[in-house]
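Engineer: One structure is given below, represented as structure tokens, and several questions about it will come after.
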Amino acid sequence: EPFVADEYIERLAWRTPGGGSRGGEAFDPKRLLEEFVNHIQELQVMDERIQRKVEKLEQQCQKEAKEFAKKVQELQKSNQVAFQHFQELDEHISYVATKVCHLGDQLEGVNTPRQRAVEAQKLMKYFNEFLDGELKSDVFTNSEKIKEAADIIQKLHLIAQELPFDRFSEVKSKIASKYHDLECQLIQEFTSAQRRGEISRMREVAAVLLHFKGYSHCVDVYIKQCQEGAFLRNDVFEDAAILCQRVNKQVGEVFSNPETVLAKLIQNIFEVKLQSYVKDQLEEHRKSDAEQYLKNLYDLYTRTTNLSSKLMEFNLGTDKQTFLSKLIKSIFISYLENYIEVEIGYLKSRSAMILQRYYDSKNHQKRSIGTGGIQDLKERIRQRTNLPLGPSIDTHGETFLSQEVVVNLLQETKQAFERCHRLSDPSDLPKNAFRIFSMLVEFLCTEHIDYALETGLAGIPSSDSKNANLYFLDVVHQANTIFHLFDKQFNDHLMPLISSSPKLSECLQKKKDIIEQMEVKLDMGIDTLNCMIGQMKHILAAEQKKTDFKPEDENNVLIQYTNACVKVCGYVRKQVEKIRNSMDGKNVDTVLMEFGVRFHRLIYEHLQQYSYSCMGGMLAICDVAEYRKCAKDFKIALVLQLFDTLHALCNLLVVAPDNLKQVCSGEQLANLDKNILHSFVQLRVDYRSARLARHFS
4 EPFVADEYIE RLAWRTPGGG SRGGEAFDPK RLLEEFVNHI QELQVMDERI
54 QRKVEKLEQQ CQKEAKEFAK KVQELQKSNQ VAFQHFQELD EHISYVATKV
104 CHLGDQLEGV NTPRQRAVEA QKLMKYFNEF LDGELKSDVF TNSEKIKEAA
154 DIIQKLHLIA QELPFDRFSE VKSKIASKYH DLECQLIQEF TSAQRRGEIS
204 RMREVAAVLL HFKGYSHCVD VYIKQCQEGA FLRNDVFEDA AILCQRVNKQ
254 VGEVFSNPET VLAKLIQNIF EVKLQSYVKD QLEEHRKSDA EQYLKNLYDL
304 YTRTTNLSSK LMEFNLGTDK QTFLSKLIKS IFISYLENYI EVEIGYLKSR
354 SAMILQRYYD SKNHQKRSIG TGGIQDLKER IRQRTNLPLG PSIDTHGETF
404 LSQEVVVNLL QETKQAFERC HRLSDPSDLP KNAFRIFSML VEFLCTEHID
454 YALETGLAGI PSSDSKNANL YFLDVVHQAN TIFHLFDKQF NDHLMPLISS
504 SPKLSECLQK KKDIIEQMEV KLDMGIDTLN CMIGQMKHIL AAEQKKTDFK
554 PEDENNVLIQ YTNACVKVCG YVRKQVEKIR NSMDGKNVDT VLMEFGVRFH
604 RLIYEHLQQY SYSCMGGMLA ICDVAEYRKC AKDFKIALVL QLFDTLHALC
654 NLLVVAPDNL KQVCSGEQLA NLDKNILHSF VQLRVDYRSA RLARHFS
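Letter by letter, the sequence shown follows residues 4 to 700 in the working numbering.
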């Protein structure tokens, strides 16, 4: 344990008799002092003994350190001697190795000519047999030594090519004949081994044939046999992928150049199997059925490119991407060159058929519509002289807009965009996509939506028509919905194809022109509001009686508001709801504001046609209060303000003569022209009384 002096003294005092109050024993300082002195002497003796021991150990340590240092010096000297011996040995080994290499070179220099001479002698011997016309050597007669025979005949064939033809024509023909026979035998052997599935034998024969001219024929045989029984299902693309996967595992074990053999197999599959299959599928419908032809072309091209993506996993040489692209192009080039013309022709005829089928189902014969530009339409808006367009026609409530037609047109165009993306050359993609977009604009926007708007405009009744049906708002509602679908397809399917090309601005401008042209025609349809006001005029003329505001019995009026007011408010609420359902965005507020202002003007002018008794004035105030409730549905501040002011004006019909000036100077009437105030005061039946005239003057 760690040494603590205080605790050590305490324990010593405690053990000393008389050193503490233990068992009632009295404290004896002398004995304690004596014990301390004795203990100090013992500690001094112990310290001297330990010190002597430490000095002895230090001397021993110094002695051993000197001995160890001496030993290390001796070992270093020994190590230096050993290193010198090692260097001498290394130099000696290098010298011997140099001598051995020199000797090996000399031996090789002697042996190589000797081997060549022996080889030449053997070849001369075999050459003599061909000269004699009789092949006696075992290597030519023993079928098991076909490998050695192939090596010999290949060398003789090379030698024979260097000999003059006039002197050695016969022997050259014999060697060539034997060369050809052996080549055929080797190919036959390779074919048999492939059928038996003997990979090692195939590899051995292929290695021998590598130096023969018929090596390529061996590869052709291999490729042909690989395809036997490989294309038995209906899906030629899946069969091709499985075949290439299987051959890829085997070709490296057989041939020394597996990537070349596999590439040749793939080329054969594309140029023979796939090209034949594609031709059969497309030529059948090329001239008779454009829709099926385009579907087949898209499907076949997609499946071919998918197969190409799978084949990219294999080692086909350095530039396999270009290699596979060229193969695909060789199959489809004749079909892709005029693809967009077929696409546009089909889209045009299909879209025209969809529209015609719809109009036929409605027993409707399309009318020719104006083709003036936007500026012409704007001029017609400003002048308001040519509305409705031509003689008004009765559409019998038909909007001539169909969700089914729109969905069909958009679906056809969507498929056309997908085919365009897949089948168009990247440089032609934006241009082709724009042509498809132009077809959509022509048939959806111009031939369908625009025609419906023109027909709707022509069907707007005149403002003095009775019981007129206002179907133009239904046309607006459907056209708005359809255009949202058109805009969605523009963003989802066209934009990705043209986003990085100059055609983007052209498409955006074309879309902007279409929107502006449609909005102009929708603005022209604002004359529908005239018809609404005309209907309200008819209601007021038919239902409002002069006695409503000047009853015969002032004390027996039981109604809260007039019947004309009830019917007008009911009609207005329906039209407000119809406008909200037909339009969206700021267009709703714009049209409702125009409608509300005209509604106010109608009521204002209507009220000024009657004279008002006191009770009749109260009834007029009730009517205007009801009109004001109806105006709240517009949710347009200006319209509500106008009716608030009208309500305040109606108070002039019932206020006491003494209070007229006070009411006219109120917050709502203070800013009005005095003539307007005077015109309302004149409607009172008591206006001619001197008292009222005096108070108002």
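Note that CB positions come from ideal geometry on N, CA and C, so glycine has one too.
Using DSSP with H/G/I as helix, E/B as strand and the rest coil, what is Tyr301?
Structural biologist: Three-state DSSP puts Tyr301 in a helix.
Engineer: Between Cys229 and Gln248, what straight-line distance do the alpha-carbon atoms span, to the nearest angstrom?
Structural biologist: Cα to Cα, the separation comes out at about 12 Å.
Engineer: Residues in the same chain with beta-carbon distance under 7 Å from Met621, minus the five sequence neighbours each way, listed in chain order, please.
Structural biologist: Taken in chain order, the residues that qualify are Val657.
Engineer: By how many angstroms is the C-alpha of Ala419 removed from the C-alpha of Asn483?
Structural biologist: If you take the alpha carbons of Asn483 and Ala419, they lie about 24 Å apart.
Engineer: For Leu269 versus Leu303, is the C-beta distance shorter than 8 Å?
Structural biologist: Reading off the sequence, residue 269 comes out as Ile, not Leu. Cβ atoms of Ile269 and Leu303: not closer than 8 Å.
Engineer: Using only alpha-carbon positions, find the residue among Tyr218, Met539 and Leu358 that is nearest to Ser259.
Structural biologist: For the residues Tyr218, Met539 and Leu358, the minimum Cα distance to Ser259 belongs to Tyr218.
Engineer: What are the boundary residues of the alpha helix (DSSP H) that includes Lys267?
Structural biologist: Taken as a continuous stretch (DSSP letters only), the alpha helix (DSSP H) holding Lys267 covers Pro261 to Asn271.
Engineer: How would you label Asn389, buried or exposed, when you count the other beta carbons within 10 angstroms and need 16 or more for buried?
Structural biologist: Unreliable placement is indicated for Asn389, whose pLDDT of 41 sits below 50; no coordinate value is reported for it.
Engineer: Tell me whether Ile624 sits in a helix, a strand or coil according to DSSP, three-state version.
Structural biologist: The answer is helix: DSSP assigns Ile624 an H, G or I state.
Engineer: Looking only at its chain, what residues have a beta carbon closer than 7 Å to the beta carbon of Leu297, apart from the 5 residues adjacent to it on each side?
Structural biologist: Cβ within range, chain order: Val345, Glu346, Tyr349 and Arg422.
Engineer: Could you have a look at Glu382 and say whether DSSP puts it in helix, strand or coil?
Structural biologist: Residue placement at Glu382 cannot be trusted, given a pLDDT of 49 that sits under 50; the coordinates are not used to answer.
Engineer: DSSP three-state label for Arg14, please.
Structural biologist: If DSSP states are grouped into helix, strand and coil, Arg14 belongs with the helices.
Engineer: I'd like to check one pair, Ile606 with Leu595: are the Cβ atoms closer than 8 Å?
Structural biologist: No, the pair does not count as a contact, with Cβ atoms beyond the cut-off.
Engineer: In angstroms with no decimal places, state the Cα-to-Cα distance between Met49 and Phe86.
Structural biologist: About 55 Å.
Engineer: Could you tell me if Lys274 is buried or exposed, where buried requires 16 or more neighbouring beta carbons within 10 angstroms of its beta carbon?
Structural biologist: In the sequence on display, residue 274 carries Glu and not Lys. Looking at its Cβ environment, which holds fewer than 16 other Cβ atoms inside 10 Å, Glu274 is exposed.
Engineer: Just checking my contact of Val211 with Ala196 at CB under 8 Å: how many whole Å lie between their CB atoms?
Structural biologist: In fact, because the Cβ distance is near 12 Å, the residues do not count as touching under 8 Å.
Engineer: Taking the DSSP output, what are the residues bridged to Tyr615?
Structural biologist: DSSP output for Tyr615 lists Arg687 as bridge partner(s).
Engineer: Using the rule of at least 16 other Cβ atoms within 10 Å of the residue's Cβ for burial, across every protein chain shown, is Lys33 buried or exposed?
Structural biologist: The residue is exposed, with fewer than 16 neighbouring Cβ atoms inside 10 Å.
Engineer: Pop quiz: Phe646 and His609 are said to be a contact at Cβ under 8 Å. What is the actual Cβ separation, rounded to whole angstroms?
Structural biologist: Not a contact, Cβ separation roughly 13 Å.
Engineer: Could you spell out the range, first to last residue, of the alpha helix (DSSP H) harbouring Asn483?
Structural biologist: Run containing Asn483: Phe475 to Gln492, per the alpha helix (DSSP H) assignment.
Engineer: Evaluate contact between the segment 428-439 and the segment 496-506, counting only Cβ atoms and requiring at least three cross-stretch pairs below 8 Å.
Structural biologist: Contact between the segment 428-439 and the segment 496-506 is present, because at least three Cβ pairs lie under 8 Å.
Engineer: Residues in its own chain within less than 8 Å of Val627 by CB, not counting five upstream and five downstream?
Structural biologist: Excluding residues within five positions, the ones whose Cβ falls inside 8 Å are Ile606, Leu610, Phe646, Leu649, His650 and Cys653.
Engineer: Can we say the segment 400-419 touches the segment 325-339, given the rule of at least three CB pairs closer than 8 Å?
Structural biologist: Because the criterion of three Cβ pairs below 8 Å is not met, the segment 400-419 and the segment 325-339 do not touch.
Engineer: Quick check on the DSSP output: the alpha helix (DSSP H) that includes Thr325 runs from which residue to which?
Structural biologist: Thr325 -> alpha helix (DSSP H) spans Lys323 to Leu339.
Engineer: Could you check where the alpha helix (DSSP H) with Thr648 kicks off and where it finishes?
Structural biologist: Element bounds for Thr648: Ala640 to Cys653.
Engineer: So what does DSSP say about Lys351, is it helix, strand or coil?
Structural biologist: Three-state DSSP puts Lys351 in a helix.
Engineer: Output yes if chain D places a C-beta closer than 8 Å to the C-beta of Ala482; else output no.
Structural biologist: You won't find chain D in this structure, because it holds only one protein chain.
Engineer: Counting C-beta neighbours from all protein chains within 10 Å, is the total for Val84 16 or more, i.e. buried, or is it exposed?
Structural biologist: By the neighbour-count rule (16 or more Cβ atoms within 10 Å), Val84 is not buried but exposed.
Engineer: Between which two residues does the alpha helix (DSSP H) holding Leu511 run?
Structural biologist: Residues Lys506 to Met527.
Engineer: In its own chain, which residues sit with a C-beta less than 7 Å from the C-beta of Ile517, not counting the 5 before and 5 after it?
Structural biologist: Within the same chain, Ile517 has close Cβ partners Val444 and Cys448.
Engineer: Considering just the uninterrupted stretch of the alpha helix (DSSP H) at Cys448, what are its terminal residues?
Structural biologist: Counting along the chain, Cys448 falls outside any alpha helix (DSSP H), and DSSP gives it neither H nor E.
Engineer: Runs of 4 residues minimum, wholly inside the segment 172-233: which ones carry the alpha helix (DSSP H) assignment?
Structural biologist: DSSP runs (the alpha helix (DSSP H)) wholly in the segment 172-233: 202-212 and 218-229.
Engineer: Give the straight-line distance between the Cα atoms of Val40 and Gln47, rounded to the nearest whole angstrom.
Structural biologist: Their Cα atoms are separated by approximately 11 Å.
Engineer: With a threshold of 16 other CB atoms inside 10 Å of the CB of His480, please say whether the residue is buried or exposed.
Structural biologist: Looking at its Cβ environment, which holds 16 or more other Cβ atoms inside 10 Å, His480 is buried.
Engineer: The alpha helix (DSSP H) spanning Pro499 covers which residue range?
Structural biologist: Element bounds for Pro499: Met498 to Ile501.
Engineer: How is the alpha helix (DSSP H) around Gln248 delimited, first residue to last?
Structural biologist: Here the alpha helix (DSSP H) through Gln248 covers Val239 to Val257.
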